[in-house]
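Numbering-wise (our numbering), the sequence shown opens with residue 1303 and increments by one. One structure is given here, and the rest of the page talks about it.
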Amino acid sequence: MQTPFLVPTADGSLTLFQPEVGEHYHSKHGAVQESKHVFLESGLGYFLAKNPQPSVHILEVGLGTGLNFLLTADYAQKQNLQVDYCAIEAFPLPEILLAQMGYNQYIQDAIWDGFLSKYQAAFTETTFISQGINLKVEKCLLADFVIDGQVDVIYFDAFAAIHQPEMWTTEALERVCRYLKPGGVFVSYAITGNLKRSMKSLGFAIEKAPGAPGKREMLRAVKLV
Ligand SMILES: C[S@@+](CC[C@H](N)C(=O)[O-])C[C@H]1O[C@@H](n2cnc3c(N)ncnc32)[C@H](O)[C@@H]1O
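In structure tokens, the structure reads:
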């Protein structure tokens, strides 16, 4: 993949544009706003409201800049929530670019410093980032993804189906959904007929949730017990 370049979004936070795919990493209506709404509030927050617990396992498809991880870690630390975060990323970004995103202004310093200094290590082994927060990144294509254990919440943050249809097939979705516990929550910023059909066929109850600014709806799916 080509190296993406920085682009400002409407809420003042930065995103990246990947010319080879022809898409941004986040919503142009607001990167931080989208991440908080879709993944943190509609995903993790929804799961914890239904299943209060002191620790949670999260799986993200597409770590990218790490924004979803950083906002999740910041929230978790303030709530005394332990987070084991596993992410898939086939095309890791250079650390210099991660540092330029400026996401330190939205989170605690210890998380930002831990993420930047231990980013490389997290590709090799489960890595302590900051109090209660562990990160492991699998550098592989989604099609080759395998892990031990199960997770509570999946953040599905692939580039849109129009640009990367192979990430949204029933087979690709099954590759990550097999690791979700019964009652676990899958969220994505997208909602299409194909996605809804695939998730139903994989044994999920699906729900149209209000979308982030600029999008009417998004998908939330709960794995049936
Ligand atoms: C929409 S961006 C993710 C944005 C990210 N969550 C963030 O907050 O910056 C999609 C990500 O999926 C990664 N990706 C693309 N194709 C992939 C594949 N086949 N397997 C795994 N990751 C892939 C890209 O490198 C990119 O980081």
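The C-beta atom is built at its ideal place from N, Cα and C for all residues, glycine as well.
Requested in this report: Identify, in the order they occur along the chain, each residue of the same chain with its Cβ nearer than 7 Å to the Cβ of N1353, setting aside the five sequence neighbours on each side.
Outcome: As a position in the sequence shown, residue 1353 is number 51, starting the count at 1. Taken in chain order, the residues that qualify are G1485.
Query raised in the report: Say the cut is 7 Å; is the CB of K1350 nearer than that to a heavy atom of ligand 1?
Result: On the sequence shown, residue 1350 is found 48 positions in, with the first residue counted as 1. What sits at residue 1350 in the sequence shown is Leu, not Lys. Checking the Cβ of L1350 against ligand 1 gives no.
Query raised in the report: According to DSSP, is I1398 helix, strand or coil?
Result: Within the sequence shown, numbered from 1, the residue matching residue 1398 stands at position 96. Residue state, collapsed to three classes: helix.
Query raised in the report: Closer than 7 Å: is that where the CB of F1506 sits relative to any heavy atom of ligand 1?
Result: Along the sequence shown, one-based indexing puts residue 1506 at 204. It does not: the Cβ of F1506 is nowhere closer than 7 Å to a heavy atom of ligand 1.
Query raised in the report: Between which two residues does the beta strand (DSSP E) harbouring R1522 extend?
Result: Along the sequence shown, read from residue 1 onward, the residue named residue 1522 stands at position 220. From DSSP, the beta strand (DSSP E) with R1522 extends over E1519 to K1525.
Query - Whole-Å CB distance - P1356 paired with L1373, under 8 Å assumed - result: Locating residue 1356 in the sequence shown gives position 54, where the first residue counts as 1. Locating residue 1373 in the sequence shown gives position 71, where the first residue counts as 1. Contact between P1356 and L1373 fails: their C-beta atoms lie close to 20 Å from each other, not under 8 Å.
Report task. Taking only beta-carbon positions, decide if T1426 is within less than 8 Å of chain D. Result -> Among the chains in the structure shown there is no chain D, since it carries only a single protein chain.
Query - Cβ-based burial, K1510 [other Cβ within 10 Å; buried from 16] - result: Locating residue 1510 in the sequence shown gives position 208, where the first residue counts as 1. Exposed is the call here.
Report task. Following the continuous beta strand (DSSP E) through I1534, name the residue where it begins and the one where it ends. Result -> In the structure as shown, the chain starts at 1303 and stops at 1527, and residue 1534 therefore has no counterpart that could be examined.
Query raised in the report: Can you name the start and end residues of the beta strand (DSSP E) that L1431 belongs to?
Result: Residue mapping note: residue 1431 aligns to position 129 of the sequence shown, counting from 1. Leu is not the amino acid found at residue 1431; the sequence shown has Ile there. DSSP places I1431 in the uninterrupted beta strand (DSSP E) bounded by T1429 to S1432.
Report task. Return helix, strand or coil for K1502, following the three-state DSSP convention. Result -> Along the sequence shown, one-based indexing puts residue 1502 at 200. Here K1502 sits in helix by DSSP.
Report task. Go ahead and pull the three-state DSSP assignment for K1438. Result -> Here the question's residue 1438 lines up with position 136 in the sequence shown. Strand.
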